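All residue numbers for the sequence shown refer to my numbering, where the first residue is 75 and numbers rise by one.
Structure first, then comments.
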Amino acid sequence: MNESVVVRTIGSIWRGHHFIWKKPESWMPLLGSWLAPRLRKDGIHRLKPGVYRDVSWDDPEWSDILGRSLRGDFDGHAEELADSLEHAIMRTFHGCRTEDAGIYFREGLRLHDRREMTDRLRSIIAQNTELHWMRDRVDELVRDVNNTLDEGRSFVVADDTALLKRCAHYLIYGSEWIVAVLGHSGHRVLRNIGTPTLLEIDLPLSMSSFQTRKELAIKLLDEWTRFTCNTPDWSAPIDFSFRLRSAIPPSCIVGHSHPAELNDPLNGKTLYRSPTNTCAFCAQG
């Protein structure tokens, strides 16, 4: 069997494979198998497993260290891995605030629709007297924000740790766009609609772009190299987002929870304690 056939065969091992970043055992052994035919004959020796390297966990030097142990160019292998990952499934997370998490299990995670969001915005203003002064200014407020980054997209992340520590406003206030339009005047109202919710999503990586998968591939390769060299007893955090242009189907929504305490990045990272820790979906048992 020639080398190209070996590479294609080994690459197929990612097909249908489910992994979770924070559980290295779910992906590192497979990545090691994928890398094996791509390493130089003395590749593992070059990595010096068990010899501690004083390199920060997030230093791009890990790519250079692995690159010296590979046949060919590191960037080329990262692109090959990105292609292979297209067939894998990764546990991802999405933060929101909802009265009923069941809507995600029934409808999936939909794309940001500006018309629907504007209708939602008007409804919030109409139902809360302290916001009635905005009723005739909605169009003006929307124009002032002038942010189309979210439109036609949805976002999920590879690690809930970074989401909960640095971006908890999605759970505390809900839609970032609505928060921006209402401004500080709407904070109290938004904090009292629904419950902070963390969704767990098994994302088919075929839904992500090649460039995003390549960036993820480099993260995986670097972390595999760190583990191989230093044998740490902890998994590195990852601040990594997927920007999607297709709705996530209900079958991919696999779980939800309601964090009780969060640090509010819109209020000096003060501790926010949720008055509720259940939703209508929870009540259904």
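All residues carry an ideal CB built from backbone N, CA and C; glycine is no exception.
None of these values were measured; they are calculated from a predicted model.
- Residue environment analysis places R89 among the exposed positions, since fewer than 16 neighbouring C-beta atoms fall within 10 angstroms of its C-beta.
- Sequence-distant partners of I87 (beyond 5 residues in either direction) whose C-beta falls short of 7 Å from its own C-beta, in its chain, are L104, S107, W108.
- As summarised for the region 183-231, the continuous alpha helix (DSSP H) elements at least 4 residues long and confined to that stretch are 188-201, 212-219, given in chain order.
- Per the DSSP secondary-structure output, D276 pairs in a beta bridge with R165.
- CA-CA distance, R127 to T299, rounds to 11 Å.
- Per DSSP, the beta bridge partners of L318 are S228.
- Partner residues in the beta bridge of F93, as assigned by DSSP, are M164.
- Bridge pairing for I327: I275 [DSSP].
- A distance of 7 Å or more separates the beta carbons of P278 and I94.
- The C-beta distance from L340 to Y247 rounds to 7 Å, short enough to fall under 8 Å.
- Judged by beta-carbon spacing, L185 lies beyond the 7 Å limit of V255, meaning their Cβ atoms are not closer than that value.
- DSSP places R240 in the uninterrupted alpha helix (DSSP H) bounded by 234-240.
- Assigned with DSSP and collapsed to three states, C353 falls in coil, not helix or strand.
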